[in-house]
Amino acid sequence: RRIVVLISGSGSNLQALIDALGTPALPDARIVLVLSNRKAAYGLTRAQQAAPPIPTAYLALQPYLKAHPGATREDYDAEVAKIVVQARPDIVVLAGWMHIMSEAFLDVLNGDRPYEHGKAVQRPIPVINLHPALPGAFDGAHAIERAYEAFQKGEIKHSGCMVHRVVREVDAGEPVIVREVEIKEGEPIEAFEERLHKTEWEIIVQGAAKVLDEVKPSLEKRS
Ligand code: GRF
């Protein structure tokens, strides 16, 4: 079962997936491609240093737009989707992909839009995303800081993180795994963040395994 992972940063969640491959947590799964929108993403190094090495690709927005005068953000996302689909994934995991996916990406992954002239995905490819907050609590960016401040103001008792399906509305897809994460009175944000990231490393594996199990074994023989 084939996983494609999209990253933008350090890739600690990618590393959690890599470390889980072949264990009971993530049996008979392979990461067939790691795609980053930032050349400097350390996650690319993690993929290249995995045993066996994981193929990587890199496609940043600005260089793409410069190379394709008149191209739009949608064109970029459609190009990202094409690279992803050509790796023939069973599922796609957004692990710190710091871009809002436009409809073009999801349309291609759902089979509603060709990824190449006359070629479209036969069966929707599930896309999941990791978000460092509870469903509907702190959608969007800086969720960790916003939760920490809300706790300090007494507005929340704890926070959490989740793996959810990617739909057109940001961070609003159906949750796949949700875990609460404690915030301790008086602790610095770094302590909360470390506890939260450790929880993310667990749920990213559980979320990928759960969605992979729901994907029917593909009919055609996969290499
Ligand atoms: C994670 O906290 C994830 O929830 C957020 O970006 C971070 C990615 O961290 N979307 P890493 O690159 O996997 O270390």
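Per UniProt numbering, the sequence shown runs over residues 7 to 229. In this text, a Cβ means the ideal position worked out from N, Cα and C, and glycines have one as well.
Under DSSP, PRO181 shares a beta bridge with HIS170.
Cβ contact annotation for THR205 (same chain, cutoff 6 Å, sequence separation greater than five): CYS167, ARG185 and VAL187, in chain order.
Here the alpha carbons of GLU208 and ALA197 stand approximately 17 Å from one another. Judged by beta-carbon spacing, ASN135 lies beyond the 7 Å limit of VAL182, meaning their Cβ atoms are not closer than that value.
Checking the 6 Å criterion, the Cβ of ALA101 is within range of a heavy atom belonging to the ligand GRF. With fewer than 16 other CB atoms across the displayed protein chains lying within 10 angstroms of its CB, THR78 is exposed. For LEU115, the closest C-alpha among the options ALA57, VAL91, ILE189 and LYS190 is that of VAL91. Residue environment for PRO138: buried (at least 16 other C-beta atoms within 10 angstroms of its C-beta). Residue burial is scored here from C-beta neighbours: ASP34 has fewer than 16 other C-beta atoms within 10 angstroms and is therefore classed as exposed. Taking the Cα positions, SER16 is about 33 Å away from GLN128. Proximity to PRO141 across PRO61, ASP81, GLU175 and ALA26 peaks at GLU175, based on C-alpha coordinates.
A direct Cα-to-Cα measurement between ASP96 and ASP219 gives close to 10 Å. The C-beta distance from ARG94 to ARG8 rounds to 6 Å, short enough to meet the 8 Å contact threshold.
Exclusion of ASN116 from the 6 Å shell around the ligand GRF follows from its C-beta lying no nearer than that to any non-hydrogen atom of the ligand.
In the structure shown, ILE189 adopts coil according to DSSP, grouped into three states. About 4 Å separates the beta carbon of ASP145 from that of ASP177, a gap short enough to meet the 8 Å contact definition.
Proximity of the beta carbon of PRO61 to the ligand GRF is not indicated: no heavy atom of the ligand is located closer than 6 Å. Pairing LEU100 with GLY192, the inter-Cα distance amounts to about 32 Å. Straight across, the Cα-Cα distance linking ASP81 with LYS163 is about 42 Å.
Beyond the five residues adjoining it in sequence on each side, TYR64 comes within less than 6 Å, by CB distance, of SER42 and LYS45 in the same chain, given in chain order. Straight through space, the alpha carbons of ARG201 and ILE195 are spaced by roughly 10 Å.
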